[in-house]
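First up is the structure itself, then whatever we jot down about it.
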Amino acid sequence: MDARLYGDVINFTECIKDTPEYREYQEKKKKIEGFPELKERAEILKQNTYELCLGFDPERDPVSKMMKYSDENEDIFMEPVINEYLTAEAAFCRMMREILDMTMDRIDF
Numbered sequence: 356m357d358a359r360l361y362g363d364v365i366n367f368t369e370c371i372k373d374t375p376e377y378r379e380y381q382e383k384k385k386k387i388e389g390f391p392e393l394k395e396r397a398e399i400l401k402q403n404t405y406e407l408c409l410g411f412d413p414e415r416d417p418v419s420k421m422m423k424y425s426d427e428n429e430d431i432f433m434e435p436v437i438n439e440y441l442t443a444e445a446a447f448c449r450m451m452r453e454i455l456d457m458t459m460d461r462i463d464f
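356 is the number of the first residue of the sequence shown in the working numbering; add one for each residue after it.
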């Protein structure tokens, strides 16, 4: 990799680490790591959500499927430490997706 590009990537990652989204995510991640049982529940919830999204089919009444999923996991969603962690993670992921989209829009790929 070109030395200039390498340096720019290092600077870019430092800029990302300096964002409120990244700092908030790191803070909430550290907090939930102090509660291993809650972290495990959050990770299971994320995996289940991912699997639900993979099976999304607008022809099969996704609203009722999502409502059932939400009802079944309400206690997890209502746990403040889990909710804060997942909210911060989602905000950070949205920011990274926007950055990657902007990058790809500017490259003739």
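Every residue, glycine too, gets a C-beta built ideally from N, C-alpha and C.
Item	Value
Buried or exposed: where does residue 383 fall if 16 or more other Cβ atoms within 10 Å of its Cβ makes it buried?	buried
Please report the distance separating the alpha-carbon of residue 373 from that of residue 436.	23 Å
Note down the Cα distance separating residue 440 from residue 380, rounded to an integer number of angstroms.	7 Å
Mind the definition here: the stretch 396-405 touches the stretch 423-432 only if three or more C-beta pairs lie below 8 Å; say whether that holds.	yes
Suppose only complete runs of 4+ residues qualify. What are the alpha helix (DSSP H) ranges in the stretch 407-464, listed by chain order?	417-427, 429-433, 435-460
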